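The first sequence begins at 7 in the numbering used here and counts up one residue at a time. Beta carbons: idealized from backbone N, C-alpha and C, even for Gly. Computed from a prediction, not measured in an experiment: that's the story for all the values here. Following: one structure in structure tokens, then a few remarks.
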Amino acid sequence: MPIFALVDCNAFYVSCERVFNPRLTGVPTVVLTNNDGCVIARSDEAKALGFKMAEPVFKVRELIKKHNVQVYSSNYPLYADMSQRAVAVLSQFTPQLEIYSIDESFLSLDGFRHLDLTTYGHEIRNRVLQWTGLPVCVGIGTSKTLAKLANKFAKKRKQFDGVCDLGALSPATLNTMLEDTALGDIWGIGRQLAPRLEALGIHNARELRDTPPKRMREHFGVVLERMVYELRGISCLALEEVTPARKEIVVSRSFGKATTDKGGLLEAATHYASRAAEKLRRQHSVTQLVGVFLHTSLFNTRDPQYSASTTVSLAHPTDDTREIITAAQRGLESLYRSGYRYAKTGVMLLDLQDAANLQTAFWNPSRPRTKTTNLMNTIDKINTQMGRNTVASGAAGRKQAWRMRRQWLSPAYTTRWSDIPVVNAT
DNA sequence: TCTGGGGTCCTAGGACCC
DNA sequence: TCTGGGGTCCTAGGACCC
């Protein structure tokens, strides 16, 4: 039987801010989504004050003011860099690791059965904290689903002190803990599934575990069937060490302020198209189908609503920013209707293929591949070294009135020379 | 006034084929 | 008047994740 550990960083974005701003320690702090729209990370103090996950900021203005809560805009370059550092530490504890998200990794502990895994978990926890400044919790179990659950116990129940190995618990204790676990706390059960399970008389994790898998398959399909096995400790979901190439790439943003202006929309689409093309090249893929969508605000019900999407096929597979921009602009032109206040647009790259596997005959004969590749590589290199958008399409605009709000952005402490913190020793 | 962004997997149903 | 069965591929939509 495999053994998995899930290592998850506590309030990751808030913790990243705290590493470089220790003044925030013990102070209620929240981090917001892009556009400063919703709360996505909360310190323990903020949770205690009643801040909810994904709550819109305008609903909690008073609460922020009343308790002098510290507010930060999302600083993704900082979080991505801190995430890499944490993974580098975790890699010292296992040869097999899956980066599951920016703040979570699955570790295979198959080769460490001879150790006391709870102790090992504490070593992981201590070293990540000491070397990166990030507090993490560790959950250990014989399936990914159980490791996720164990992590939740490690986080919520003080007696575990941040590390919970389900294998170290007696069956009776585990049963009680599963009975106390709401369906929604299980990995893979969301808002829709929970009430449907309740209707079948299944109310907690233990009852789901003890349901015949076949029954779940009949009612919900293979996903829930697998979940029952996973809860029984029979692993169905393997560790994925190499991140597979993305099957689609999406770049989309809500606007800082709704716009009626076609020019602004085209600028935004151009900007998103070039960001998407960068991502495409980074994973060495090519696209032959570019999707575009735009819509008005889902929340402003007084304004007339409009939502549309389309795809534009390309004659040849490509990773050329210029071709992708042209396609995105054409798509947007065809969708645009005047008289609406648009809140969001996005560009998708679909039908992705591995560039290396493509036969030369499929490339655009009017654009020699080597020339395109050299140009794109050069642009990517410049933008990596000199900062994003050092070289960019003029059609993305200079004013960028549509760009997102980030009112409370912290410095790029680890990724921009001018922002590196200065330490004074006296 | 103000509500994120980027993904995956699965299923059902239609088109089409032999 | 009668009108199979099985397979694949594609797409849209639902549900979930962080």
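Residue i to residue j span [Cα, whole Å]
i	j	result
T384	E284	12 Å
Y348	D171	50 Å
V428	V20	21 Å
Q136	C44	31 Å
I446	V66	The displayed coordinates of the chain run from 7 to 432. Any statement about residue 446 would go beyond what the structure contains.
S241	R412	42 Å
N40	L206	39 Å
H434	N395	What is shown of the chain runs 7 to 432, which leaves residue 434 out entirely.
R443	L152	With the chain covering 7 to 432 only, the question about residue 443 has no answer from this structure.
R281	F118	42 Å
F305	E68	21 Å
I70	R29	17 Å
R133	S97	12 Å
D325	G262	29 Å
R131	R202	37 Å
M59	L12	21 Å
P371	N389	28 Å
CA nearest to the CA of residue i, picked from the options
i	options	result
R252	S258, R412, T420, D360	D360
V318	H301, Y419, L356, L96	L356
R328	T293, L358, T351, T39	T293
P141	E23, Q289, L175	E23
H73	M222, N27, P28, V36	V36
S49	G32, V298, P62	G32
Q76	F64, L300, A60, E51	E51
W193	R215, A174, L175, T182	R215
Q165	A275, E254, C143, G352	C143
L245	V228, C15, L115, T138	L115
R373	P323, T390, S399	P323
R343	D267, N389, T100	D267
G345	R422, M354, D309	D309
Sequence-distant residues of the same chain with beta carbon closer than 8 Å to residue i, five excluded per side
i	result
L272	Q335, L338, E339, A401
I108	F18, Y85, A86, S89
A418	N81, P83, L84, D425
D191	L155, K158, A211
L55	P34, L69, H73, V75
I9	S114, L115, D116, F118, R119, L123, I146, G147, T148, G173
Coil, strand or helix - residue i by DSSP
i	result
H128	helix
E104	strand
S241	coil
H496	A query on residue 496 cannot be resolved here, the shown segment of the chain reaching from 7 to 432 and no further.
G117	helix
A321	strand
Y85	helix
P62	strand
R24	helix
K164	helix
A418	coil
K268	helix
L140	coil
F159	helix
R259	strand
7 Å Cβ shell around residue i - same chain, five flanking residues per side excluded
i	result
A264	S303, R347, Y348, A349
Q311	T302
L180	L172
E185	N210, R212
L415	S79, N81
G333	The identity of residue 333 in the sequence shown is Ala, whereas the question assumes Gly. Only V296, V318, L320 meet the Cβ criterion.
Y106	F112
P219	E231, V234, Y235
Q289	A251, R252
T63	Rather than Thr, the amino acid found at residue 63 in this sequence is Val. Counting only Cβ-Cβ distances below 7 Å, and skipping sequence neighbours, we find L38, D42, G43, C44, V45.
G403	E273
Same chain, Cβ closer than 6 Å to residue i, five either side skipped, listed in chain order
i	result
M222	L230, E231, V234
L300	L341, Y348, T351
Can you list the alpha helix (DSSP H) stretches of 4 or more residues lying completely in the segment 189–215, in chain order? The qualifying runs are 199–205, 211–215.
So within the segment 297–382, which uninterrupted alpha helix (DSSP H) runs reach at least 4 residues, ignoring any that extend past its ends? Here the runs fully enclosed are 327–341.
Uninterrupted alpha helix (DSSP H) stretches inside the segment 34–59 (no shorter than 4 residues): Counting whole runs of 4 or more residues, the segment 34–59 contains the alpha helix (DSSP H) stretches 50–55.
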